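Numbering (my numbering), first residue to last: 651 to 764.
For each residue, glycine too, the CB sits at the ideal point set by N, CA and C.
Because the structure is a prediction, the values reported are computed rather than measured.
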């Protein structure tokens with residue numbers, strides 16, 4: 651992996667893009683987020699007892715791992731924005747559906763339809 655987010659290079663995994671965006675969103679909500687990448691910071695990564703135990707048990711097959719307040723809350727998948735928000739006690743405001751344009755016209759000499 652060439653960078654701490656994994657969002658680099660020519661063939662980027664969409665899950666990494668989504669997860670990086672979700673972490674940025676979480677930060678914008680005032681949540682302190684610290685991402686430690688095994689390939690970039692192996693010593694610090696393995697220094698965490700929860701992560702170290704996970705690595706010993708699975709050999710890394712359970713990565714990625716997400717910890718909240720030093721407690722393992724997710725492993726072996728990238729969590730959704732909703733999961734991240736739930737663990738952080740942040741409310742996700744779902745955007746309203748964009749209004750649908752009325753594509754049906756009736757013939758009217760004063761309209762642009764015709």
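Using C-beta distances below 8 Å, list every residue in its chain close to residue 695, excluding the 5 sequence neighbours before and after it, in chain order.
Indexing the chain shown from 1 puts residue 695 at position 45. Taken in chain order, the residues that qualify are 686, 687, 688 and 701.
Identify the residues that DSSP records as bridge partners of residue 724: which are they?
Against the chain shown, residue 724 aligns to sequence position 74. Answer is 716.
Please report the distance separating the alpha-carbon of residue 706 from that of residue 713.
Mapped onto the chain shown, residue 706 falls at position 56. Mapped onto the chain shown, residue 713 falls at position 63. Distance between the alpha carbons of residue 706 and residue 713: 12 Å.
With a threshold of 16 other CB atoms inside 10 Å of the CB of residue 672, please say whether the residue is buried or exposed.
The residue given as residue 672 occupies position 22 in the chain shown. Buried.
Which same chain residues, not among the five before or five after residue 677, have their C-beta less than 7 Å away from its C-beta?
Here residue 677 is taken as the residue at index 27 of the chain shown, counted from 1. So the list reads 683, once near-sequence residues are dropped.
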